[in-house]
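Read through the structure below, which is laid out as structure tokens, and then see the notes.
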Amino acid sequence: MIYVQIFLAFFIPGILGYGGGPASIPLVENEVVDHYGWLTTNEFSEMLAMGNALPGPIATKMAGYIGYEQGGILGAIVGVFATVAPSLILMIALLGLLMKYKESPRVKRMTTYIRPVIAVLLGIMTYDFFFSSYEGVGIWQTLFIGLLSFILMERLKVHPAYVIAGALIYGGLVLA
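According to the numbering used here, the sequence shown holds residues -18 to 157 in order.
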């Protein structure tokens, strides 16, 4: 039964997460934190930070990690397959149709309608992460890490992977 749950936990966000990994992150969080209770919000945010520091698509890294934690190697395989299955099925079944209508005004309009929904979902996830961090380490540590991350990435153009790695090291040394 756990393999069916792992499959559904990543297949459903794969179907609904129009826009790739970043769009499916809040959906995966909803499944693994709220629906199945496999991770807490804090654990999910730490797993997401580690996944972002590694190369490759974030959705498959999350599926592999959570699938492995819940069902071992077979669980990781099921999770990764469930993540890529919606795209794989659609690309095989609808390739001709997609090529025919990719420049359609309706398809372009649909994309513009979906983007704000994704932005709201990412905002809700950020809000949850902020308050989870605030409860865990306090407001001053949270603001310090957030402000320093903003300055490093936006002003000094430091790659996000280095900022995440630095925050992990800071958290391990100072906040542990």
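Built from N, CA and C at the ideal position, the CB exists for glycine as well.
For this session: Consult DSSP for residue 86 and reduce its assignment to one of helix, strand or coil.
Result: helix
Problem set entry | residue 121, enclosing alpha helix (DSSP H) - first and last residue | 120 to 131
Exercise. Excluding sequence positions up to five away, which residues of its chain have a Cβ less than 8 angstroms from the Cβ of residue 28?
Worked result: 20, 43, 46, 47
Exercise. For residue 69, which option in 155, -5, 154 has the closest C-alpha, if you only look at C-alpha atoms?
Worked result: -5
For this session: Just tell me which of 132, 93, 109 has its CA closest to the CA of residue 25.
Result: 109
Problem set entry | Which listed residue (74, 141, 137) has its alpha carbon closest to that of residue 32 | 141
For this session: Find out if the Cβ-Cβ distance for the pair residue -13, residue 37 is shorter than 8 angstroms.
Result: no
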